[in-house]
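Residue numbers 366 to 519, in our numbering, belong to the letters of the sequence shown in order. Take a look at the structure below.
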Amino acid sequence: GVATECQIAIIAYCLLPNHYHWLIRQDGLISPGKLVGRVFGSYTQSFNLIYKRSGTLFEGNFEARHVGTDQYLHHLCCYIHANPVRHTIALAPDLWPYSNYLDWLGKRNGELLDRPFIREHFPDISHYEARVHAYLTGKIVLPPALKCYFEDLP
366 GVATECQIAI IAYCLLPNHY HWLIRQDGLI SPGKLVGRVF GSYTQSFNLI YKRSGTLFEG
426 NFEARHVGTD QYLHHLCCYI HANPVRHTIA LAPDLWPYSN YLDWLGKRNG ELLDRPFIRE
486 HFPDISHYEA RVHAYLTGKI VLPPALKCYF EDLP
């Protein structure tokens with residue numbers, strides 16, 4: 366598949382009605398922009414063929430950010446999985462089927478996640494579940510050094 370060919374692993378994702386978040390570990394040399402163009406270009410071609418249409422499916426610009434610290438990485442995972450609740454389209458992250466949160470918790474057996482990463486960074490997944498809950502209830506406050514990374518994210 367594309368993930369193997371492009372040497373990437375999906376860590377966390379969440380699809381929402383008007384935007385999406387992907388946290389991807391990049392092991393190869395392909396640029397994030399080319400990777401996204403490849404994945405969504407293929408998807409757009411298939412969608413247009415099936416529905417006999419033409420044109421783009423996605424609007425707006427793609428944005429990539431380097432995740433340089435474990436602290437940022439851990440906050441970003443929580444941020445992505447908490448997004449449906451923050452946008453009031455789900456009452457809890459585990460009630461939103463369009464992310465890999467359920468797969469993280471072991472409640473679904475999806476393939477779009479990097480299980481070795483999860484075991485390495487969150488060996489007790491119940492701690493991660495509690496961390497997401499704490500994030501949603503405001504009990505986890507972003508350190509000032511990380512606030513700038515999250516201020517303009519949807």
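Don't be surprised by glycine CBs; every beta carbon is placed ideally from N, CA and C.
Considering Cα atoms alone, identify which of the options is closest to residue i.
i, options, result
"Ile-376", "Lys-472, Glu-370, Leu-438, Ile-395", "Leu-438"
"Gln-372", "Leu-456, Phe-405, Asp-479, Glu-428", "Asp-479"
"Glu-428", "Ala-499, Pro-509, Trp-461, Tyr-385", "Tyr-385"
"Pro-509", "Asn-426, Ser-407, Leu-470, Gln-436", "Gln-436"
"Arg-390", "Gly-425, Arg-430, Leu-414, Gly-503", "Arg-430"
"Leu-380", "Arg-473, Ile-505, His-452, Leu-470", "His-452"
"Lys-504", "Gly-406, Asn-413, Glu-476, Cys-443", "Cys-443"
"Tyr-378", "Glu-476, Asn-413, Thr-369, Gly-406", "Glu-476"
Under 8 Å Cβ to Cβ from residue i, same chain only, skipping five residues before and after it: list those, please.
i, result
"Val-432", "Leu-388, Leu-438, Leu-441"
"Pro-330", "Nothing in the structure corresponds to residue 330, since the chain is present only between 366 and 519."
"Gly-393", "Cys-371, Gln-372, Ile-373"
"Arg-484", "none"
"Asn-474", "Asp-468"
Looking only at its own chain, which residues have a Cβ that is under 7 Å from the Cβ of residue i, when we skip the five neighbours before and after it?
i, result
"Leu-400", "Cys-371, Ile-373"
"Tyr-466", "His-446, Pro-458, Asp-459"
"Gly-471", "Ile-490"
According to DSSP, what are the bridge partners of residue i?
i, result
"Ala-374", "Arg-390"
"Tyr-408", "According to DSSP, which records beta bridges pairwise, Tyr-408 is partnered with nothing at all."
"Leu-380", "Tyr-385"
For residue i, collect the residues of the same chain with a Cβ closer than 6 Å to its Cβ; drop the 5 residues on either side in sequence, then sort them by chain order.
i, result
"Pro-449", "Ala-455, Trp-461"
"Phe-482", "Ile-376"
"Tyr-463", "Leu-380"
"His-425", "Going by the sequence as given, residue 425 is Gly instead of His. Once the five neighbours on either side are set aside, Gly-425 has no close Cβ partner at all."
"Leu-501", "Ala-447, Val-450"
"Asn-413", "Ser-419"
Verify the CB distance criterion: does residue i have a CB-CB separation below 8 Å to chain B?
i, result
"Asn-465", "Chain labels in this structure do not include chain B; a single protein chain is all it has."
Quick check on the DSSP output: what are the complete alpha helix (DSSP H) runs of length 4 or more inside the segment 423 to 452, in order along the chain? 435 to 451
Length-filtered (4 minimum) alpha helix (DSSP H) runs lying within the segment 461 to 509: 466 to 470, 480 to 486, 490 to 501
For the structure I just gave you, are there three or more beta carbon pairs, one from the segment 481 to 501 and one from the segment 393 to 409, closer than 8 Å? no
Are three or more beta carbon pairs between the segment 416 to 436 and the segment 493 to 504 nearer than 8 Å? no
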